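In this note's numbering, the protein residues as written are 1 to 223.
Rendered as structure tokens:
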């Protein structure tokens, strides 16, 4: 039987072994994955992760924080082991979905709050925020129950509300003493109304009544 050139040695010389790993074995020096495998495995892992997140997004749109990981795995077409390799805890998976949805939500409410008229900005903010809750149940559960709220987006929301308060107060439109905490609690309360009614007309009426109570002068009719 012939011997590979790099493994033959002449008498009296030490035998030199190849430094290359055999196909399918990790490199001893670098710890790199087996030759020929890693790219395919990484592609598969990336596809599985994307499928899991997409399935979680769909499940959260329907069930909010109550989404079941078994249902998510089924929608993604993966086993529970694969799901847990990517997201060891349900909270980690739902937090990823919520972060994505919160970014969209905060951008929408920021645009609504940019209206030129201070009172229009305040009312548009509430309507847009609650419409987002109606469409995205994970955001709704976060707003209503404080569940898994991303800190960066929560801080952004606080800044937006402070700006709305400053503008409304400067224009003399808001009754004295209204605080950021008041508006956040009002948003949570109205978010719960959105959750239990599922009827746009009902919660929009409540928004109108509630905001009218914040006016410095109560003149707007309830429609």
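Glycine residues also receive a C-beta, built at the ideal position from the N, C-alpha and C atoms. Please read these numbers as outputs of a predicted model, since none were measured by experiment.
Proximity of residue 109 and residue 128 at Cβ, strictly below 9 Å: Counting from 1 along the chain shown, the entry for residue 109 is found at position 109. Counting from 1 along the chain shown, the entry for residue 128 is found at position 128. Yes.
How is the alpha helix (DSSP H) around residue 102 delimited, first residue to last? In the chain shown, the residue the question calls residue 102 occupies position 102. Start and end: 90-112.
Excluding five sequence neighbours on each side, which residues of the same chain lie with their C-beta closer than 6 Å to the C-beta of residue 119? What you label residue 119 is simply residue 119 of the chain shown in a count that begins at 1. Excluding residues within five positions, the ones whose Cβ falls inside 6 Å are 173.
Helix, strand or coil at residue 215 [DSSP, three-state]: Here residue 215 refers to the residue found at position 215 of the chain shown. In the three-state reduction of the DSSP assignment, residue 215 falls in the strand class, which pools E and B.
Neighbourhood of residue 157 by C-beta distance below 7 Å, restricted to the same chain and skipping five residues each side: As a first step, residue 157 is located in the chain shown; it is residue number 157 there, counting from the start. The answer, listed in chain order, is 106.
Do residue 215 and residue 175 come within 9 Å of each other at the CB atom, strictly closer than that value? Here residue 175 corresponds to residue number 175 of the chain shown, with the count starting at 1. Here residue 215 corresponds to residue number 215 of the chain shown, with the count starting at 1. Against a cut-off of 9 Å, the Cβ pair of residue 215 and residue 175 comes out as a contact.
Sufficient close CB pairs (3 or more, under 8 Å) joining the region 198-209 to the region 61-80: The count of Cβ pairs closer than 8 Å, one atom from the region 198-209 and one from the region 61-80, stays below three, leaving the stretches out of contact.
Who pairs with residue 206 in a beta bridge, going by DSSP? Your numbering for residue 206 matches position 206 in the chain shown. Residue 206 is bridged by DSSP to nothing; it lacks a bridge partner.
Give the straight-line distance between the Cα atoms of residue 195 and residue 64, rounded to the nearest whole angstrom. Walking along the chain shown from the start, residue 195 turns up at place 195. Walking along the chain shown from the start, residue 64 turns up at place 64. Spanning the two alpha carbons is a distance of roughly 10 Å.
Using a threshold of 8 Å, is the CB atom of residue 59 nearer than that to any non-hydrogen atom of the ligand SAM? Here there are no bound small molecules, and the ligand SAM is not part of this structure.
Given a cut-off of 9 Å, decide if residue 98 and residue 125 are closer than it, judged by their beta-carbon atoms. On the chain shown, residue 125 is found 125 positions in, with the first residue counted as 1. On the chain shown, residue 98 is found 98 positions in, with the first residue counted as 1. No, these two residues do not count as a Cβ contact at 9 Å.
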